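Asker:
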Amino acid sequence: MRIVIIGAGKTGLTVAKFLSRNENSITIIDHDQKLLSRITEKLDVRTISGSATDPDVLEQAQIQDCDVLIAVTGSDEINILACQIASSCLFSGKKIARIRKECYIKEGRGDLLKKEFNIDFILSPEAEIARSLVRNARVQGALEVIPFVLDLLKVISFKICEDSIFINTPIRFLASQIDFDFRIVCIMRNGNIVFPDKEDVFFKDDIVYVLVHSSNVDSIMENFGFISKNSRRILIMGGGSIGSRVALDLEKSGVNFDITLIESNPELCLKLAAQFEYTKILNGDALDQEIFNSVDINEIECVLALTNEDNVNILSSLLSKQLGCRRSIVLLNRADYIRPITSLGVDSVITPASMVISVLLEFLSQAKLRTAYAIQEGICDLFEIEISDRSMVIGLTINDISIKKKLKIVTIIREDVVHMNVENMILNVGDIIIVLARSEVVPRLEKIFADREQYI
Numbered sequence: 004m005r006i007v008i009i010g011a012g013k014t015g016l017t018v019a020k021f022l023s024r025n026e027n028s029i030t031i032i033d034h035d036q037k038l039l040s041r042i043t044e045k046l047d048v049r050t051i052s053g054s055a056t057d058p059d060v061l062e063q064a065q066i067q068d069c070d071v072l073i074a075v076t077g078s079d080e081i082n083i084l085a086c087q088i089a090s091s092c093l094f095s096g097k098k099i100a101r102i103r104k105e106c107y108i109k110e111g112r113g114d115l116l117k118k119e120f121n122i123d124f125i126l127s128p129e130a131e132i133a134r135s136l137v138r139n140a141r142v143q144g145a146l147e148v149i150p151f152v153l154d155l156l157k158v159i160s161f162k163i164c165e166d167s168i169f170i171n172t173p174i175r176f177l178a179s180q181i182d183f184d185f186r187i188v189c190i191m192r193n194g195n196i197v198f199p200d201k202e203d204v205f206f207k208d209d210i211v212y213v214l215v216h217s218s219n220v221d222s223i224m225e226n227f228g229f230i231s232k233n234s235r236r237i238l239i240m241g242g243g244s245i246g247s248r249v250a251l252d253l254e255k256s257g258v259n260f261d262i263t264l265i266e267s268n269p270e271l272c273l274k275l276a277a278q279f280e281y282t283k284i285l286n287g288d289a290l291d292q293e294i295f296n297s298v299d300i301n302e303i304e305c306v307l308a309l310t311n312e313d314n315v316n317i318l319s320s321l322l323s324k325q326l327g328c329r330r331s332i333v334l335l336n337r338a339d340y341i342r343p344i345t346s347l348g349v350d351s352v353i354t355p356a357s358m359v360i361s362v363l364l365e366f367l368s369q370a371k372l373r374t375a376y377a378i379q380e381g382i383c384d385l386f387e388i389e390i391s392d393r394s395m396v397i398g399l400t401i402n403d404i405s406i407k408k409k410l411k412i413v414t415i416i417r418e419d420v421v422h423m424n425v426e427n428m429i430l431n432v433g434d435i436i437i438v439l440a441r442s443e444v445v446p447r448l449e450k451i452f453a454d455r456e457q458y459i
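If you read the sequence shown in our numbering, its first letter stands for residue 4, the second for the next number, and so on.
(1) Over the uninterrupted alpha helix (DSSP H) stretch that includes E365, give me the two end residues.
(2) Short check: CB of V359 to CB of I341, under 8 Å?
(3) Taking only three categories from DSSP, how would you classify V188?
(4) Hey, would you say F386 sits closer than 8 Å to L372, going by beta carbons?
(5) Which of the three DSSP states, helix, strand or coil, is assigned to V137?
(6) Considering only residues of the same chain and omitting the five flanking positions on each side of I83, which have a CB-CB separation below 6 Å?
(7) Give the range of the alpha helix (DSSP H) segment to which F452 is assigned.
(8) Considering only their Cβ atoms, is the gap separating F151 from T374 smaller than 8 Å?
(9) Sort F94, M240, V213, T17 by Cα distance to G308 and report the nearest one.
(10) How big is the Cα-Cα spacing for I51 and A19?
(11) Suppose the cutoff is 7 Å on Cβ atoms and the five residues either side in sequence are ignored; what does the same chain contact list for L253 look like?
(12) Could you give the distance in angstroms between the alpha-carbon of V215 and the alpha-carbon of N226?
(13) Where does Y376 fall in DSSP's three states?
(14) Whose CA, out of E443, I132, I303, L347, lies closest to the CA of L335?
(15) Roughly how many angstroms separate the alpha carbons of V249 and Q180, rounded to a whole number?
(16) Looking only at its chain, what residues have a beta carbon closer than 8 Å to the beta carbon of C92, apart from the 5 residues adjacent to it on each side?
(17) By a C-beta neighbour count over all protein chains shown, 10 Å radius and 16 as the cutoff for buried, is E129 buried or exposed?
(18) May I ask which residues mark the beginning and end of the alpha helix (DSSP H) holding M240?
(19) Rounded to whole angstroms, what is the Cα-Cα separation between V220 and R41?
(20) Between R347 and D114, what straight-line distance do the alpha-carbon atoms span, to the nearest angstrom?
(21) Would E302 and R235 be called neighbours here (beta carbons separated by less than 8 Å)?
(22) Identify the continuous alpha helix (DSSP H) that holds P461 and give its terminal residues.
(23) Quick test of the definition: if touching needs 3 or more C-beta pairs under 8 Å, does the segment 318-333 touch the segment 179-193?
(24) Rank K411, K98, G194 by C-alpha distance to the C-alpha of L363 and give the top, closest one.
(25) Among T414, I388, E312, V349, which one has its Cα closest to the Cα of G324?
(26) So which of V211, S127, R447, E389 has the shortest CA-CA distance to I378?
(27) Note down the Cα distance separating S405 from R24, rounded to an integer number of angstroms.
(28) Quick one: what's E387 bridged to in DSSP?
(29) Could you please give the first and the last residue of the uninterrupted alpha helix (DSSP H) stretch that includes R41?
(30) Ignore the nearest five residues each way along the sequence and tell me which others in S160's own chain have a CB closer than 6 Å to its CB.
Here you go:
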């Protein structure tokens with residue numbers, strides 16, 4: 004595909020990195036030549052210095068011949084206008100705009116905005132982050148919770164702790180210990196993804212991804228040593244757009260959460276206090292140990308570090324873990340921090356970039372995707388795919404499609420029946436499958452699962 008990306012900041016760079024892996028032709032537009040120069044040092048892309056709302060600049064990018072426009076500058080207004088102006092330049096491809104301000108997309112305004120400004124898809128990483136954090140907080144001990152098949156199934160990730168009874172236990176022995184269907188999807192070990200077989204064993208600090216029926220989520224967590232409690236204490240650091248949205252959604256979740264939110268801005272604290280029904284608002288510094296002591300940090304189940312500063316999020320999370328908090332989830336803008344801070348004890352990291360990649364996987368794929376999710380900035384991807392009557396995989400076996408240690412079919416849903424043991428199955432029309440794939444084989448996956456006419 005020929006793709007124009009407007010904005011060379013962190014999100015633009017992430018999008019360019021992700022899309023360039025699939026041999027797309029990419030042009031990046033930004034007014035900051037220094038940012039563009041840094042990108043050309045890292046990626047083989049074309050860059051144009053200029054305004055994203057200047058029709059001459061868009062024509063210089065040959066916008067009329069492109070397939071996709073992705074506007075991800077730091078300004079919602081520029082992103083919106085860029086999509087509209089591109090349409091006036093005879094651009095007929097897909098238009099994607101990043102919009103951060105909730106006022107533009109709440110209460111149906113997003114649909115109106117898309118119609119009036121010729122936008123095909125609104126990208127809102129902040130909203131996706133909030134939804135993801137609420138899903139994670141609802142499941143005790145979970146680091147990630149990924150819904151599939153209209154929430155019929157979930158992939159849950161969690162850490163193998165040093166006192167786990169499953170350390171050094173082969174995966175094949177789990178079936179005798181757990182009396183319901185499940186599937187070990189993959190293991191994150193020392194920053195690398197492992198495609199396990201039945202003889203693989205768990206090690207301390209492994210991050211395990213397991214697929215289960217949604218009705219068995221609590222049971223699988225209990226089997227791995229995470230005991231559910233009636234009262235759930237959550238501490239949120241930062242009352243900005245993401246922190247406040249997460250607190251509000253947790254209040255509405257139906258779970259008996261005891262929520263405390265710490266914010267350093269006293270004026271914002273007053274606004275937040277009037278906004279929530281029972282979330283406790285504290286004015287204070289996220290790095291102040293006295294604040295942690297005042298909330299009995301050793302009784303907190305999960306700390307969500309969601310301020311606007313990466314360093315504050317990292318340090319407050321590490322401090323909370325040191326003082327006895329059981330689980331910490333950190334919001335980071337810089338993906339290169341992920342590996343070092345998780346090695347220091349932070350349990351889970353969520354980034355706007357990972358949300359962007361997941362959404363783009365789903366929206367731009369040539370396969371008939373229903374859901375897509377990027378693991379660790381796209382090291383591996385999880386896909387939910389429906390087999391259409393024009394699919395090239397009809398009649399193929401799972402072994403025909405799988406690539407050892409690179410691509411595997413995790414489960415098949417056929418006529419509302421979930422099949423976890425799929426090794427000898429043949430794919431049929433209407434099957435819904437969940438696939439795990441390393442990033443380097445995603446282009447091949449898209450070709451395999453595309454409809455016939457796309458590659459004839």
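Idealized CB from N, CA, C, for every residue including glycine. Computed from a prediction, not measured in an experiment: that's the story for all the values here.
Answerer: On the basis of the supplied data:
(1) First-last of the alpha helix (DSSP H) with E365: 355-367.
(2) No, the pair does not count as a contact, with Cβ atoms beyond the cut-off.
(3) Look at V188 here: in three-state DSSP terms it is strand.
(4) The criterion of a C-beta distance shorter than 8 Å is satisfied by F386 and L372.
(5) Residue state, collapsed to three classes: helix.
(6) The residues are A100, F120.
(7) Unbroken alpha helix (DSSP H) run through F452: 445-452.
(8) Taking C-beta atoms as the reference points, T374 and F151 count as a pair closer than 8 Å.
(9) Note that residue 308 is Ala in the sequence shown, not Gly. With distances taken between Cα atoms, A308 lies closest to M240.
(10) The C-alpha of A19 is placed about 14 Å away from the C-alpha of I51.
(11) Excluding positions up to five away in sequence, the list reads V137, A140, I237, F260, I262.
(12) If you draw a straight line from the Cα of V215 to the Cα of N226, it comes to about 12 Å.
(13) DSSP places Y376 in strand when its eight states are reduced to three.
(14) Ranking E443, I132, I303, L347 by Cα distance to L335 puts I132 first.
(15) Going by the C-alpha atoms only, they are around 35 Å apart.
(16) Shown here for C92: same chain residues with a beta carbon closer than 8 Å to its own, the five before and five after excluded, namely P58, L61, E62, I66, Q67 in chain order.
(17) It counts as buried.
(18) Bounds of any alpha helix (DSSP H) do not take in M240; it lies within the beta strand (DSSP E) bounded by 235-240.
(19) Going from the Cα of V220 to the Cα of R41 covers about 44 Å.
(20) For the record, residue 347 in the displayed sequence is Leu; it is not Arg. Separation of L347 and D114 (C-alpha to C-alpha, rounded to the nearest whole angstrom) is 43 Å.
(21) No, these two residues do not count as a Cβ contact at 8 Å.
(22) Shown here, the chain extends from 4 to 459; a query on residue 461 therefore has no answer.
(23) No, the segment 318-333 does not touch the segment 179-193.
(24) Each of K411, K98, G194 was checked against the Cα of L363, and the nearest Cα belongs to K98.
(25) Reading the sequence as shown, one finds Lys at residue 324 and not Gly. Closest by alpha carbon: V349.
(26) For I378, the nearest C-alpha among the options comes from V211.
(27) Taking the CA atoms as reference points, S405 sits about 21 Å from R24.
(28) In the DSSP output, where bridge partners are listed per residue, E387 has T374, I437.
(29) Counting along the chain, the alpha helix (DSSP H) containing R41 begins and ends at 36-45.
(30) Excluding positions up to five away in sequence, the list reads L146, E147, I210, Y212.
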